[in-house]
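Undergrad: First to last, the sequence lines map onto chains B and P.
Under this note's numbering, read the first sequence as residues 355 to 465, first letter to last.
Under this note's numbering, read the second sequence as residues 8 to 395, first letter to last.
We treat Cβ as the ideally placed atom computed from N, Cα and C, and that holds for glycine.
The structure displayed is predicted, hence computed values, not measured ones.
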Amino acid sequence: MPKMLKEVLKNLISPPATVNYPFVKPTPVPGTRGALTWDMSKCDQCQDCERVCPSVAIKVYPEEKKVEYQPFKCLFCYLCIDNCMQNAIVGSDNFKTADYEKKTEVYETKQ
Amino acid sequence: MKHFVKLTVVGGAIGMSEISNKTKKYSVLPFGPQHPVLPEPVHLKFLVDEEKIVDVLPNLGYVHRGIERGCELNDYKRNIYLTERVCGICNFIHGATYSAGIEKITDTEVPIRAKYLRSIWSELQRLQSHLLWLGLFADAIGFESLFMQIWRDREMVLSLNEKTNGHRIHLETNLIGGARKDIDESLAKVYKEDLSVLRKKVEALTPVFHKDPGIKQKCEGKGILPKSKARFLGAVGPVIRGSGLKEDIRMTGYEAYGQLDFEPIVYNGEDAYSRMLVRFDETLQAFDLIDKALKQMPEGPILNKNTKFPEGSTVVRSEQPRGELFYYLEGNGTNKLDRCKIRTPTAANIPPLVNMLIGYEVPDIPTIVHSIDPCISCTERIVYLKEK
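#1: Select from the stretch 134-153 of chain P all residues with a C-beta closer than 9 Å to any C-beta belonging to chain B, and list them in chain order.
#2: Are the beta-carbon atoms of His137 of chain P and Pro328 of chain P separated by less than 8 Å?
#3: Can you tell me which of P:Asp255, P:Phe154, P:Leu165 and P:Leu344 puts its alpha carbon nearest to the alpha carbon of Arg76 of chain P?
#4: Report yes or no: do three or more beta-carbon pairs, one from the stretch 306-320 of chain P and one from the stretch 177-193 of chain P, lie closer than 8 Å?
#5: Given a cut-off of 8 Å on the beta-carbon distance, is the pair Leu165 of chain P and Ala293 of chain P in contact?
#6: Note down, in chain order, every chain B residue with its Cβ under 9 Å from the Cβ of Tyr88 of chain P.
#7: Tell me which residue opens and which closes the beta strand (DSSP E) that Ser378 of chain P is part of.
#8: Quick one: using the 10 Å Cβ neighbour count with 16 as the cut-off for buried, is Lys225 of chain P buried or exposed?
#9: Leaving out the 5 sequence neighbours to the left and right, which residues in its chain are closer than 6 Å to Ser411 of chain P when beta-carbon positions are compared?
#10: On a CA-only basis, which of P:Tyr261, P:Arg350 and P:Arg92 is nearest Leu336 of chain P? Give me that one, please.
#11: Flag Lys413 of chain B as yes if its beta-carbon sits less than 8 Å from any beta-carbon of chain P, otherwise no.
#12: Answer with yes or no whether the minimum CB distance from Val215 of chain P to chain B is below 8 Å.
#13: Listing by chain order, which chain P residues have their CB less than 8 Å from the CB of Lys364 of chain B?
#14: With distances taken between CB atoms, is the gap from Lys396 of chain B to Gln440 of chain B smaller than 8 Å?
#15: Answer yes or no: do Asp82 of chain P and Asn362 of chain P have a C-beta to C-beta separation smaller than 8 Å?
#16: How would you list, in chain order, the residues of chain P whose beta-carbon sits under 7 Å from the beta-carbon of Ala371 of chain B?
#17: Would you please verify whether the beta carbon of Glu361 of chain B is less than 8 Å from any beta carbon of chain P?
#18: Strictly under 8 Å for the Cβ-Cβ distance: is Gln303 of chain P near chain B by that measure?
#19: So, helix, strand or coil for Phe239 of chain P, using DSSP?
#20: Alpha carbon to alpha carbon, what distance is there between Val322 of chain P and Glu254 of chain P?
#21: What residue does the beta strand (DSSP E) around Asp298 of chain P start on, and which one ends it?
#22: By Cβ distance below 8 Å, which residues in the same chain neighbour Ser409 of chain B in space, the five residues on each side in sequence not counted?
#23: Express the C-alpha separation of Asp393 of chain B and Thr353 of chain P in angstroms, rounding to a whole number.
#24: For chain P, find out if any of its Cβ atoms is closer than 8 Å to the Cβ of Lys357 of chain B; answer yes or no.
Here it is, written out as structure tokens:
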């Protein structure tokens, strides 16, 4: 315990190591795997993302030119982004994806 | 019922039927499944004679999630991400071991650089797991300022993970046949800089763990597991190394450990204190191994894609922070596996735990239970349902 006294005394005058979250927003780290969005102008409904998704969170309907994405099933592993040949899936550093309802996001191609 | 009897007989204790006779003389003290000391739910039924523990009956099955069955229903490539969910703290090692098993069945050769990457990430997980445990242990013995300090320092590993891989806990960098991400020169620099800062902070705690009289008083001579019993009861990881036996799966040289001149850390104290020292010295060793691996890592490809479906069976072992991890995989030539058996180190360490506890007093329970580093959620492979 006496060996740690220096650290204990230092902590008395130093600011806290934690962030007062709802009031102070933490700066997002570049490269954080956050929420996904589909850019439907690039998507060609090849179903590659559906095939690789480990948690079956993506469903592609090629005939209807529609993509259904369930963010509450998503692991944010970014395998779909790595495998998308058209670069149609865009990641972001937004990690605050909590919600009251388990929504399904639907992306449709404008015709 | 079979499950209980097997566990108690192996632990050198008495069976369920005899307990009912003994309860006439002794009182039963329930410990868990929800207890301030336990991070995860396990129920230990103590048979006590006043303060002295006469017998222990472990009861598992509170967090069973059916991952083995899930592995049989899922695609074998998607299973990497499912097996990473077996344990949160050492998730990468689960994924790497599963991938190594599939690579063994399908004869896929892993590039040497990918093997080095796997070793680096495995050591990084060992580092943060041991720091987490050292904090929890300090909390269990009532040393709260040490707990706060270690957990604050551990944040550095997590933010390093976020900077380099995108997530704080789940790295998700495994693929069958190699790795998903590479550590280039700029990233290697970030690793070296951050880890050298953390190393100084952990090294400053060496006199606290090695010499502090408060910690010594609480742990020395508590939960003794003799050398002969440790092997007989099948202890693994820091528990067996704390009993003076040189047992470590990393000695077999899997991944890149063969090239890193690895020597396991062994202490001869046979008690909770020496188990703690093994873990503390392993955190310092992890820094050395990561540095050495970053220096020695050869240039080259990181992924060798496999094209075959798994057919046949195999056994893979690897060293988790808690001990030996065991995977048995059986494929039938399709994209789904016939069997995926997982044995985590805590399952192997429960019979030694039961043996360790007998003869000690009730206030020693938190120290001794914590000294095996229980990770109950990983252990839950079986659920026994009573027939009515």
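TA: For this structure:
#1: Per Cβ criterion, the list reads Phe150, Ser152 and Leu153.
#2: It is a contact, given that the beta carbons lie within the stated cut-off.
#3: Measuring from the Cα of Arg76 of chain P, the nearest candidate turns out to be P:Leu344.
#4: Flag = yes, the stretch 306-320 of chain P and the stretch 177-193 of chain P touch.
#5: Cβ atoms of Leu165 of chain P and Ala293 of chain P: not closer than 8 Å.
#6: Those are Pro408, Ser409, Leu429, Cys431 and Leu433, listed as they occur along chain B.
#7: Element bounds for Ser378 of chain P: n/a, residue is neither H nor E.
#8: The residue in question, Lys225 of chain P, is buried, as its Cβ has 16 or more Cβ neighbours within 10 Å.
#9: Residue 411 of chain P is absent from the model: chain P starts at 8 and stops at 395.
#10: When only C-alpha atoms are compared, the closest one is P:Arg350.
#11: No, because no Cβ of chain P sits closer than 8 Å to the Cβ of Lys413 of chain B.
#12: True, the Cβ-Cβ gap to chain B drops below 8 Å.
#13: Scanning chain P for C-beta atoms nearer than 8 Å to the C-beta of Lys364 of chain B yields nothing, as the closest lies near 10 Å away.
#14: Yes, they are a contact pair.
#15: Taking 8 Å as the Cβ cut-off, Asp82 of chain P and Asn362 of chain P do not qualify as a contacting pair.
#16: Those within 7 Å of Ala371 of chain B in chain P are Arg159.
#17: Interface residue, yes.
#18: Answer no: the Cβ-Cβ gap between Gln303 of chain P and chain B never drops below 8 Å.
#19: Helix.
#20: Each residue's CA atom was taken as its position, placing Glu254 of chain P and Val322 of chain P some 18 Å apart.
#21: That residue, Asp298 of chain P, is in no beta strand (DSSP E); its alpha helix (DSSP H) goes Ala279 to Gln303.
#22: Contacts found: Lys427, Cys428 and Leu429.
#23: When rounded, the distance between both Cα atoms is 46 Å.
#24: Yes, Lys357 of chain B lies at the interface with chain P (some Cβ there is under 8 Å from its Cβ).
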